[in-house]
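Remarks on the structure that follows.
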Amino acid sequence: MAHQTLRFESVNVGDELQALSVPITVPLIAGGAIATRDYFPGHHDRDAARGLGSPHIFMNILTTNGLVQSFVEGWAGPGARLMDLKIRLGAPNYPGDTMKFSGSVTEKNAATRSVQVTLKGANSMGSHVSGTVQVALP
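Sequential numbering from 21 applies to the sequence shown in my numbering.
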């Protein structure tokens, strides 16, 4: 059964998104970097990352951006339209950890039939990503 798109009228300020846990793996980090044409060695070469003072390779911002978008669009449904995404990075994502997304609806805009989701993705070191996503709903 396909996921239904949320309707603007059915969403309220304070609604919580279902939490999502994302295992952080070498293929996720390296694959995300390669897919976004980010060939910085710290995203796929452990020795190079260690040379930078990092214990392992670390996730790039574009992979994080994609995971944020996937989290919100997975909640809103296939007919929703992403309007704006603003994120800030914190603690790095390293292989072997898990990032847990949480979020809630913090604003509704009747003129644009959109809602703002404020979210956080945290790992064992704290907040990896925080920000807001504006999404239009039918």
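Beta carbons are placed, not taken as given, at the ideal position from N, Cα and C, and that holds for glycine.
Worksheet item: Considering only C-alpha positions, which residue in the set D67, A130, Q89 is nearest to G123?
Response: Check the Cα spacing between G123 and each of D67, A130, Q89: the tightest is with Q89.
Worksheet item: What is the residue span of the alpha helix (DSSP H) that R70 lies within?
Response: 66-71 is the extent of the alpha helix (DSSP H) around R70.
Practice prompt. Determine the contact status of L109 and V153, defining contact as a CB-CB distance below 8 Å.
Written response: Contact: no.
Practice prompt. Consult DSSP for S90 and reduce its assignment to one of helix, strand or coil.
Written response: Of the three classes helix, strand and coil, the one that applies to S90 here is helix, per DSSP.
Fill in: Element boundaries [alpha helix (DSSP H), containing P47]
Taken as a continuous stretch (DSSP letters only), the alpha helix (DSSP H) holding P47 covers 46-55.
Practice prompt. Look at the alpha carbon of G71 and the alpha carbon of A156, and state the distance between them as a whole number of angstroms.
Written response: G71 and A156 have their C-alpha atoms roughly 44 Å apart.
Practice prompt. Kindly indicate which three-state DSSP category P43 falls into: helix, strand or coil?
Written response: In the structure shown, P43 falls within a strand segment according to DSSP collapsed to helix, strand and coil.
Item to complete: Answer with buried or exposed for P59, where buried requires no fewer than 16 other C-beta atoms within 10 angstroms of its C-beta.
Response: Contrary to the premise, residue 59 reads as Tyr rather than Pro in this sequence. Counting the other CB atoms within 10 Å of its CB gives Y59 a total below 16, which places it among the exposed residues.
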